[in-house]
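Remarks on the structure that follows.
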Amino acid sequence: MKITVVVPVVLAGVIVLAVAAYSGGEQAQLRMAYFANVGHAIPIVGVERGFFEDVGVIETRIFDSGPQVIESMFAGSIDVAYVGPGPAINGFLNSANKNVQILAGAASGGASFVAHPDSDVYGISDFDGKRIAAPQIGNTQDVSLRDALSAHGLVPAERGGSVIIHNIPNPDIYTLFVKGEIDGAWVPEPWATILEQDLGGKRLFHEEELWPDGEFASVLLIANTDYVRKNPEIISELLRSHNYTASWINQNPTESRNSFNDFLNSYLGRPLPDRIVDVALANTEITADPKADSVYSFATKADKLGYLGRHGYDLSGIFYGDDVQ
1 MKITVVVPVV LAGVIVLAVA AYSGGEQAQL RMAYFANVGH AIPIVGVERG
51 FFEDVGVIET RIFDSGPQVI ESMFAGSIDV AYVGPGPAIN GFLNSANKNV
101 QILAGAASGG ASFVAHPDSD VYGISDFDGK RIAAPQIGNT QDVSLRDALS
151 AHGLVPAERG GSVIIHNIPN PDIYTLFVKG EIDGAWVPEP WATILEQDLG
201 GKRLFHEEEL WPDGEFASVL LIANTDYVRK NPEIISELLR SHNYTASWIN
251 QNPTESRNSF NDFLNSYLGR PLPDRIVDVA LANTEITADP KADSVYSFAT
301 KADKLGYLGR HGYDLSGIFY GDDVQ
């Protein structure tokens with residue numbers, strides 16, 4: 001089966017977009033970072049709909065990877081951000097004086113494994129000898145992939161095993177899928193739905209099916225702890241707006257899809273088909289619940305993979321309210 005589809009320009013553009021926009025000429029009271037994907041619907045829809053206006057003047061920045069966001073937070077150019085549990089945990093552990101905290105959840109689930117239509121992969125046990133793609137090393141999908149391999153007695157090729165893992169950006173995963181150069185990919189939404197609907201991929205499972213209670217934190221709202229201490233009123237208003245937006249999205253799926261596509265059209269020049277966004281949103285739980293148990297579980301998995309250093313780790317104080325109120 002030969003697939004000839006052009007990479008979606010609308011999302012490929014995220015890779016080269018570092019700073020998206022400023023909310024006016026006034027001095028920003030809050031500098032906020034997020035990604036151009038469905039799991040980040042709260043900041044996208046919230047900003048598009050004006051739900052964050054009571055927070056004050058917000059400078060918004062669009063990134064395509066968690067490590068970039070954490071580096072910017074360390075550099076003092078970001079105050080709050082929406083990222084996956086991996087960057088949140090690493091930011092907390094690697095910052096001076098544990099200067100990164102989780103304020104709230106933003107999304108649960110919203111990732112899947114999609115097999116290439118020509119591949120004979122029907123489950124994780126079939127990954128033996130196959131080429132599997134996932135986003136950057138240490139992100140949620142990468143950790144889940146490598147943990148699943150271990151559970152099935154499989155080992156990545158770089159550690160002497162048979163499973164070749166390609167850790168590359170989602171648009172590059174799309175390109176390899178088109179060319180038939182990978183057997184499958186473990187990716188977030190909307191990429192999983194794009195691979196399935198546009199390229200004929202076989203969605204074998206949703207990642208939440210591998211987690212207890214069928215849920216896990218895939219996107220979290222984090223903040224610079226010093227900023228939180230110095231600006232309690234702004235943080236309080238941010239959380240109020242954040243929680244309101246999460247509720248609004250769940251009550252207004254069609255309007256939320258339209259806002260998401262308005263954002264893509266405004267910032268990246270082109271929206272996605274409504275059918276793609278509708279399915280991607282349906283596959284993602286938008287929630288302010290940080291799913292704390294899954295964050296601790298994720299850290300355990302990451303630690304077993306050697307991602308959290310050699311001397312153990314301590315997540316005491318990682319959640320807002322543990323020592324900041």
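FYI, in the numbering used here the residues of the sequence shown are 1 to 325. Heads up, the beta-carbon is just placed ideally off N, CA and C, and yes, glycines get one too.
1) Of all the options Gln29, Ala41, Leu30 and Ala33, which has the alpha carbon lying nearest to the alpha carbon of Ala280?
2) Buried or exposed: where does Asn224 fall if 16 or more other Cβ atoms within 10 Å of its Cβ makes it buried?
3) Between Gly129 and the rest of its own chain, which residues show a CB-CB distance below 8 Å, the 5 nearest in sequence each way excluded?
4) Can you tell which of Pro43, Asp322, Asp118 and Glu285 has its C-alpha closest to the C-alpha of Val228?
5) Within this structure, are the beta carbons of Leu93 and Leu308 separated by less than 8 Å?
6) Locate the alpha helix (DSSP H) running through Pro87, then write down its first and last residues.
7) In the DSSP assignment, the beta strand (DSSP E) including Lys352 goes from what residue to what residue?
8) Buried or exposed for Arg146, please, with buried defined as at least 16 other CB atoms from any protein chain shown within 10 angstroms of its CB.
9) Assign Arg310 to one of three DSSP states: helix, strand, or coil.
10) Is the beta carbon of Ile102 less than 8 Å from the beta carbon of Ile222?
11) Put Pro43 into one of helix, strand or coil per three-state DSSP.
12) Measuring CB to CB, does Gln136 end up less than 8 Å from Asn90?
13) Output the distance between the C-alpha atoms of Arg257 and Phe298, rounded to the nearest integer angstrom.
14) If you drop the 5 nearest sequence neighbours on each side, which residues of the same chain put their C-beta closer than 8 Å to that of Val55?
15) Going by CA-CA distance only, name the one from Glu181, Asp274, Pro188 and Pro290 that's closest to Val143.
16) Let me check understanding here. Comparing Cα to Cα, which of His311, Thr287, Glu207 and Asp198 lies closest to Arg275?
17) Between the beta-carbon of Lys201 and the beta-carbon of Val114, is there less than 8 Å?
18) Who pairs with Arg131 in a beta bridge, going by DSSP?
19) To test your reading of the DSSP string, which unbroken beta strand (DSSP E) runs of 3 or more residues are found completely within the segment 229-277?
According to the data block:
1) Ala41
2) buried
3) Ser162 and Val163
4) Asp322
5) yes
6) Pro85 to Asn94
7) Outside the shown range of the chain, which is 1 to 325, sits residue 352, and nothing can be said about it.
8) buried
9) coil
10) yes
11) helix
12) no
13) 29 Å
14) Gln29, Leu30, Ile234, Glu237, Leu238 and Ser241
15) Pro188
16) Asp198
17) The sequence shown places Gly at residue 201, rather than the Lys named in the question. Closer than 8 Å, so yes.
18) Ile164
19) none
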